[in-house]
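Counting with our numbering, you get residues 46 to 433 for the letters of the sequence shown.
All C-beta atoms, glycine included, are put in the ideal place defined by N, C-alpha and C.
The next block holds one structure in the form of structure tokens; read it before the comments.
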Amino acid sequence: MKMREKFEEALKEMIPLGKEILDWMNAQPEASGHEKQTCAYLVKKLSEHGYKVTSPVKRIKYSFLAKRKNSFEKKPKIAILCEYDAVEGVGHSCGHSASCAASIICALALEAAYEDFPFDIDLIGTPNEEIAGAKISMLEKGLFSSYEFAILSQMSPVNSTCFHTLAASDLNVHFFGKTAHASANPWEGINALNGVQLFFHAIDLIRPYLEPGSQISGIIKDGGIMPNLIPDKASAYVYLRANRYEQILRLKERVENCAKGSAIASENQFTTEQLNPTYAEIFCGPTTEKILGNIMDQLNLSRQETSNISGSSDVGNVNLEIPVLYPMISIGKDVPLYSKEFAECMRESFGENGMKTGALVMGKAIIHLAMHPDELQAIKEEHDSYRN
């Protein structure tokens with residue numbers, strides 16, 4: 046029996062375990078940064094199946110690193126990533142319950158199918174994807190540097206060879222003026238809200254000259270207390286997105302200059318702060334897309350490749366250092382991500398469908414790269430060329 050056939054047979058044996066993990070996570074979703082029970086549950090399950098599990102990893106809350114007890118240091122290493130945080134108030138509306146279960150049963154099936162697999166396969170638990178981007182801290186602490194590539198799946202209404210995302214950042218801008226009565230002595234005041242208004246006007250003026258793909262959206266967070274008082278403080282909060290990581294850094298500098306100029310013109314003081322990490326975009330090279338496309342075609346999965354990119358993920362930051370394979374997997378129903386309907390689908394047969402397909406596509410991709418090291422080398426060269 047060929048390796049692929051052995052894997053498919055082994056994967057069938059792992060479906061009940063995957064369904065158990067899927068159901069458990071759907072029954073008690075834990076929002077980003079609060080995955081205490083979920084992490085403990087996954088660590089327990091992996092330990093029961095022969096993994097040596099370290100948790101937390103690099104002092105990152107609710108993370109884990111699972112290695113086979115008989116792993117060989119001389120083998121090339123790959124990482125299968127597990128995401129398991131839910132969305133506050135909307136449960137597993139991003140499908141992490143299914144994608145996490147898919148990652149785990151994929152790894153277990155690969156080992157069961159092939160005793161001396163060419164890769165050492167680690168499972169890495171990455172919490173807090175939706176808000177704080179824990180993968181970025183993991184990257185900064187060197188966790189991904191020793192891996193050939195990482196792989197995970199994204200549950201979706203459609204199948205696609207890559208979950209394309211944008212680079213993203215944010216900026217909180219505070220203006221500080223001087224309060225005074227708006228009728229009795231306005232000349233003694235300095236209107237902080239004027240700084241905010243000028244800030245947004247400056248942003249609107251630079252929009253036509255931004256690099257293609259750049260986006261700026263924002264709100265006024267604080268505009269004063271009462272109409273008859275000149276506000277001595279006001280603040281704005283903006284999101285920035287761009288096609289590439291280098292582009293987002295340039296865009297952030299331009300927006301900071303808008304804040305600086307607005308403060309000078311309105312005679313305010315100002316400060317800026319970044320509330321969330323800067324996310325990089327995900328790059329999928331032609332070899333990655335060809336391999337995953339062929340696998341999906343062989344499985345008769347209809348694909349919807351699109352150039353319409355939106356959203357951001359800390360997976361992109363892992364991709365700054367190593368190649369990442371990140372296929373989108375259809376759950377079999379056309380409902381939008383981050384909706385209550387998608388979370389409900391995770392509790393129905395659609396969640397199990399996505400889990401099975403995700404594990405199958407990832408496993409076949411890993412086997413293909415193990416059998417074709419020249420194509421893995423091509424993926425690495427394409428990645429390095431893009432990033433450098």
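Counting C-beta atoms within 10 angstroms of its own C-beta, N239 has 16 or more neighbours from the protein chains shown and is therefore classed as buried. Q314 is positioned such that its CB atom lies no closer than 9 Å to that of L285.
The DSSP assignment places 278–287, 314–318 as complete runs of the beta strand (DSSP E) inside the segment 276–342, in order along the chain (cut-off: 3 residues). Here A111 has L91, Y96, V98, L168 as same chain residues with Cβ atoms under 6 Å from its own Cβ, once five neighbours each way along the sequence are excluded. Selection A310, A212, N339 evaluated against N288 yields A212 as nearest (Cα-Cα). In the DSSP assignment, Q199 is bridged to M373.
Taking the Cα positions, P322 is about 17 Å away from S355.
When C-beta atoms of the segment 157–173 are compared with those of the segment 52–60, three or more pairs fall below 8 Å, so the two segments count as touching. The DSSP-derived three-state label of H417 is coil.
Of the residues assessed, Y383 falls on the exposed side of the cut-off, its CB having fewer than 16 other CB atoms within 10 angstroms. Where G234 is concerned, there is no enclosing alpha helix (DSSP H), because DSSP gives it neither an H nor an E.
Distance from the CA atom of G377 to the CA atom of E256, rounded to whole angstroms, is 36 Å. Comparing alpha carbon positions, the residue from M48, G136, E50, P101 closest to M70 is G136. In this structure, V369 keeps its C-beta atom at 9 Å or more from the C-beta atom of L188. Taking all protein chains shown into account, K278 has 16 or more neighbouring C-beta atoms within 10 Å of its C-beta and is therefore buried. At a Cβ-Cβ threshold of 9 Å, A143 and M391 count as neighbours.
With a cutoff of 9 Å on beta-carbon distance, K401 and G63 are scored as near each other. When the Cα atoms are used, D249 and V283 turn out to be separated by approximately 13 Å.
Per DSSP, the unbroken alpha helix (DSSP H) holding F52 starts and ends at 48–72. For Q349, there is no enclosing alpha helix (DSSP H), as DSSP marks it with neither H nor E. The three-state reading of DSSP puts L91 in helix, counting H, G and I together. For A195, the number of other beta carbons within 10 angstroms of its own is at least 16, and it is reported as buried.
Here A229 is exposed: its Cβ has fewer than 16 other Cβ atoms, across all protein chains shown, within 10 Å. Following the DSSP letters along the chain, one finds I150 in no beta strand (DSSP E) but inside the alpha helix (DSSP H) bounded by residues 141–158. Contact between G178 and N362 holds, with the beta-carbon distance rounding to 7 Å and staying under 8 Å. Apart from sequence neighbours up to five positions away, the residues of its chain that approach G263 with a beta-carbon distance below 8 Å are F245, I248, A281, Y282, V283, Y284, ordered along the chain. When secondary structure is reduced to three states using DSSP, K409 falls in the helix class. Shortest Cα-Cα distance from P276 to any of S108, A227, A423 involves A227. DSSP, read as helix, strand or coil, puts S205 in strand. Under the three-state reduction of DSSP output, D379 falls in the coil class, being neither helix nor strand.
Boundaries for I261: no alpha helix (DSSP H) harbours it, while the beta strand (DSSP E) harbouring it runs 260–267, taken from the DSSP string.
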